[in-house]
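Accompanying notes for the structure given below.
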Amino acid sequence: MKKFRKVLDGLTTSSPGGNIGSPSCGSAAGTPTAAPTPKEIDIQETLVSENFQLCKTVRHGFPYQPTALAFDPVQKILAIGSRSGGIRMYPLLIFSLPLFSGLETHLKILPGVLTINTVHYLGALVTACADDTLHLWNLRQRRPAILHSLKFNRERITFCHLPFQSKWLYVGTERGNTHIVNIESFILSGYVIMWNKAIELSTKTHPGPVVHLSDSPKDEGKLLIGFESGTIVQWDLRGKKADFRIYYDEAIHSVSWHHEGKQFMCSHSDGSLTLWNLRNTSKPFQVTFPHGEMFTIFCPLSNTLYKISTSNIQ
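Under my numbering, the residues of the sequence shown are numbered 1 to 314, in order.
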């Protein structure tokens, strides 16, 4: 290219028009002058790092190290939180696509995400983070943003539960206490369920952190509290007392209600599932090991979902 340009420049300077001067462009003596040679442009033929820019074009696959999941049936949005602190939200219409590829919204917060709860009537999202901070996100704008934040300084957050269409968020802590947060004002209420009030006064052993909170499907005024040690308490929010207490030998990982509110299922550290009936809470009426018999190699069950199908119980 450079050689070809030099040939063109040579033809231009050697042309008859280039050697003939004029009085207006000549010297004072009237002698003709040569036309100036065009300046040669140096073209860089090799690429350097400044010629490239890194940008995100697409995300593919399931989020890495997911820690929390929530679904909003009103806005039809699935939110997935990860240990790295990211929250990815998928619209329902893309569920038919492979591996959740499609449109999404990605939120980034520094600490890891512990729990996610959707506020259906506000179009909002409540997240609990590893730094013991609650965030209220507004999802009704183009770019979701944090509306309010609430920091727990004296206790560590272990579990959160927000009943359907309720303005009260139940927050369980590592000390075994349960706090209640008003979603609209996003401040703590004066109602606290202390661990020593939830268990029997004769029991002096600490029940451990709160690993589960849920309201009864039959009565939203009944709160089921699950402690890590194996203790389960149904607390009457109006009467401020315990309806019943269950003491089990194996540590609890999760609890799930039956939709009728008469039974609930627990997953335990030994890989077992226990089924409890509210008519008789002295012992479980069914114990199963879905991944193997007792005294064999097992893995803890981290979560359960109790539902009834037409053929069997799942």
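Where a beta carbon is used, it is the ideal one built from N, C-alpha and C, also for glycine.
For residue i, the three-state DSSP class (helix, strand or coil)
i    : result
K197 : helix
S214 : strand
S82  : strand
S149 : strand
N177 : coil
S49  : helix
L92  : helix
Y121 : coil
C55  : coil
I43  : coil
K241 : strand
Q141 : coil
L114 : strand
Q165 : coil
T288 : strand
L278 : coil
Close-in-space but distant-in-sequence residues of the same chain around residue i (CB under 7 angstroms, 5 per side omitted)
i    : result
P217 : W257, H259, E260, G261
S229 : P207, G208, A251
Q165 : H120, Y121
I157 : L114, A128, D132, V171, T173
F159 : T115, G172, V210, V211, H212, L213
R175 : E155, W195
D72  : T118, H120
R83  : Q65, T67, G112
Bridge partner(s) assigned by DSSP for residue i
i    : result
S267 : S254, L273
G130 : In the sequence under discussion, the amino acid at residue 130 is Ala, which differs from the Gly named in the question. None, per the DSSP bridge assignment.
D72  : I77
P66  : S82
K222 : D236
G172 : F159, T178
T231 : Y247
L136 : V126, H148
I187 : N182
Close Cβ partners of residue i (< 6 angstroms) along its chain, the five nearest in sequence each way excluded
i    : result
L278 : K262
L122 : none
F244 : Q234, T281
R140 : G123
I246 : I232, T281
Y191 : I180
Sequence-distant residues of the same chain with beta carbon closer than 8 angstroms to residue i, five excluded per side
i    : result
V287 : S272, L273, T274, L275
K167 : N182, I183, E184
K222 : D215, S216, Q234, W235, D236, L237, D243
Whole-angstrom C-beta distance between residue j and residue i, which should lie under 8 angstroms
i    : j    : result
T115 : A68  : 5 angstroms
I180 : A198 : About 14 angstroms; that fails the 8 angstroms criterion.
L91  : G81  : One point to set straight first is that residue 91 is Pro, not Leu, in the sequence displayed. That pair is no contact at about 17 angstroms.
H148 : F186 : 4 angstroms
E220 : P290 : With 8 angstroms as the limit, E220 and P290 do not qualify as a contact, their Cβ atoms being about 31 angstroms apart.
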